[in-house]
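Notes for the one structure printed next.
Residue numbers (the numbering used here): 590 to 810.
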């Protein structure tokens, strides 16, 4: 497994204003080297050249590889290039809270992890591992429940309206009494009967209604 860390994105999540960038960067590198040494995977932290002008460079601190891009390349581009070089991009984990980089990494089939989630997991105290046992890869500890396949906009909109409809229907059931519970006053019952009597008149055709009125006039005459 290859873990690719967006260096400055991680650092700026932790850095307070006014702190020395170079000193804090060195502290972060030392911290990552110590914490990641307990895992058996390869880890690379990539920093932009914007805050360290010059040509691209590579260094190691323990098992941690540190890359500084040159002035013409961003850390995002370097990370994506490292993913493309891998035979199995699915074995790459990109650590960043940059949504754009995370989206591009996923498009390359890599996995992603937010900065805060990653730091929380590697900061946990780990049990001592017997010499005859292998260290647990971070890939297993970071494994999430399989995410459901993203729904289309049409499906999401349907689900939204369905939820609203169900909530409104429940409220209607609470507010509206059943027919067995309803009790109409005597006056309203009479009116209801009168309406039933004239219901046939409402449904009759224009010709029948004209004929009935004509017969009334004849009888009255």
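Glycine is no exception: its CB is placed at the ideal position from the N, C-alpha and C atoms.
Residue i to residue j span [Cα, whole Å]
i	j	result
residue 612	residue 711	22 angstroms
residue 602	residue 608	13 angstroms
residue 664	residue 709	23 angstroms
residue 647	residue 631	15 angstroms
residue 684	residue 638	19 angstroms
residue 673	residue 697	7 angstroms
residue 700	residue 604	25 angstroms
residue 590	residue 628	10 angstroms
residue 644	residue 636	12 angstroms
residue 686	residue 706	10 angstroms
residue 688	residue 713	25 angstroms
residue 692	residue 610	27 angstroms
residue 729	residue 702	Low per-residue confidence applies at residue 729: pLDDT is 41, beneath 50, and the placement is therefore not dependable, though the value from the model is reported in the following sentence. Taking the straight line joining both Cα atoms gives about 13 angstroms.
Test item: CB-CB of residue i and residue j under 8 angstroms
i	j	result
residue 669	residue 633	no
residue 600	residue 622	no
First and last residue of the uninterrupted alpha helix (DSSP H) at residue i
i	result
residue 622	610 to 625
residue 670	664 to 674
residue 601	596 to 603
residue 690	688 to 696
residue 709	704 to 711
Of the listed residues the options, nearest to residue i (C-alpha basis)
i	options	result
residue 592	653, 648, 696	653
residue 690	666, 713, 656, 707	666
residue 821	694, 686, 704	A question about residue 821 goes unanswered here, because the residues of the chain that appear run from 590 up to 810.
residue 625	692, 655, 686	655
Segment limits, beta strand (DSSP E) that includes residue i
i	result
residue 646	646 to 650
residue 653	653 to 657
residue 629	Run containing residue 629: none; DSSP gives neither H nor E here.
Residue-level contact to chain C via CB, residue i, 8 angstroms cutoff
i	result
residue 670	The chain inventory of the structure shown lacks chain C, comprising one protein chain alone.
| field | Stretch-stretch touch, CB-based, cutoff 8 angstroms, three pairs: the stretch 651 to 661 with the stretch 677 to 687 | value | no
| request: Taking 8 angstroms as the threshold, find out whether the stretch 617 to 634 comes into contact with the stretch 592 to 599 through three or more Cβ pairs. | output: yes
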